[in-house]
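The numbering of the sequence shown is my numbering, which starts it at 3 and goes up by one. Notes to accompany the following structure.
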Amino acid sequence: MGRGHRQAAHPRPRARGSRAERRDERCVQPRRQRIVTASADRTTRVWDAATGKPLTTPLEHHDHVVHVAFSPDGTRIVTASWDKTARVWDALTGKPVTSPLEHQAAVSSAVFSPDGTRVVTASDDKTARVWDAATGKPLTKPFEHQATVRSASFSPDGMRVVTASWDKTARVWDVGLDEGTLEEWTAVAERSPFVLDGVVLVRRPSR
Numbered sequence: 003m004g005r006g007h008r009q010a011a012h013p014r015p016r017a018r019g020s021r022a023e024r025r026d027e028r029c030v031q032p033r034r035q036r037i038v039t040a041s042a043d044r045t046t047r048v049w050d051a052a053t054g055k056p057l058t059t060p061l062e063h064h065d066h067v068v069h070v071a072f073s074p075d076g077t078r079i080v081t082a083s084w085d086k087t088a089r090v091w092d093a094l095t096g097k098p099v100t101s102p103l104e105h106q107a108a109v110s111s112a113v114f115s116p117d118g119t120r121v122v123t124a125s126d127d128k129t130a131r132v133w134d135a136a137t138g139k140p141l142t143k144p145f146e147h148q149a150t151v152r153s154a155s156f157s158p159d160g161m162r163v164v165t166a167s168w169d170k171t172a173r174v175w176d177v178g179l180d181e182g183t184l185e186e187w188t189a190v191a192e193r194s195p196f197v198l199d200g201v202v203l204v205r206r207p208s209r
């Protein structure tokens, strides 16, 4: 950041059980006007990147928040927490957009798809899941490993997910349209800013 920038800080998380200490997460909004932080104090905060002042009330979980990311258009935030949930928030109001995205153990990461319509989460319950970012409903069956899934992310075209696990493997998964219902995938496609034009992915014209 430029000279004179104030860093928005939270306390550092301490080790919990067998988990190694994890540093606070920070993410800069795509247009670089806001910063979002995740903390061991069980909150996420959105800050003005120029002044360091908070822009929303704290976004609250029930345990350490260990990962945070903006949506591609900067309008939403997704958080991952040791409270076994990921949550999607409105980045301007700080209000939840969906019900919690629930796992059976701590969630270690959560990110949006390139078009912002889906979220993929990674968890200590040995799975990753893909969710509808507008409704909070799962769109696929769990992607299973033999140990904690440390991270998960989408391919640039959003058609595959790569996961990394403490089972000493990384795996690539097809996000097949046959996993969810036709109605669910149709609703996701309608919200996407991209459309297929032949074999090229292009931005949807404004309506």
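Here a beta-carbon is modelled for each residue, glycine too, at the ideal position from N, C-alpha and C.
Setting aside the 5 residues that flank it on each side, His147 is surrounded in the same chain by Lys128, Ser167 and Asp169, each with a C-beta closer than 6 Å to its C-beta; the list follows chain order. In this structure, Val132 lies near Arg120, with their beta-carbon atoms less than 8 Å apart. Look at Val99 here: in three-state DSSP terms it is coil, with no helix or strand label. In this structure, the alpha-carbon of Thr171 lies about 19 Å from that of Ala112. Around the beta-carbon of Ser101, fewer than 16 other beta-carbon atoms lie within 10 Å, marking it exposed.
The beta carbon of Thr58 is closer than 6 Å to those of Val48 and Gly96 in its chain, skipping five residues each way along the sequence. Excluding residues up to 5 positions away in sequence, Lys86, Ser125, Asp126 and Asp127 lie with their Cβ nearer than 7 Å to the Cβ of Ala107 in the same chain. For the pair Thr46 and Val38, the CB atoms are nearer than the 8 Å cut-off.
Within its own chain, the residues whose Cβ lies closer than 6 Å to the Cβ of Ser73, once the five positions on either side in sequence are excluded, are Phe114 and Gly118, listed in chain order.
In the three-state scheme derived from DSSP, where H, G and I count as helix and E and B as strand, Arg44 is classed as coil. Of the residues Ala154, Pro158 and Met161, the one whose Cα lies closest to the Cα of Arg173 is Ala154.
A straight line joining the alpha-carbon of Arg162 with that of Glu104 spans about 21 Å. Beta bridge pairing from DSSP links Leu61 with Thr46. Trp175 has Val163 as its beta-bridge partners, per DSSP. Here Arg78 has Phe72, Val90, Trp91, Asp92, Ala93, Val99, Phe114, Gly118 and Ala135 as same chain residues with Cβ atoms under 8 Å from its own Cβ, once five neighbours each way along the sequence are excluded. Per DSSP, the continuous beta strand (DSSP E) segment holding Trp91 begins and ends at Thr87 to Asp92. With respect to the 8 Å criterion, Ala40 and Val70 are classified as neighbours on the basis of their beta carbons.
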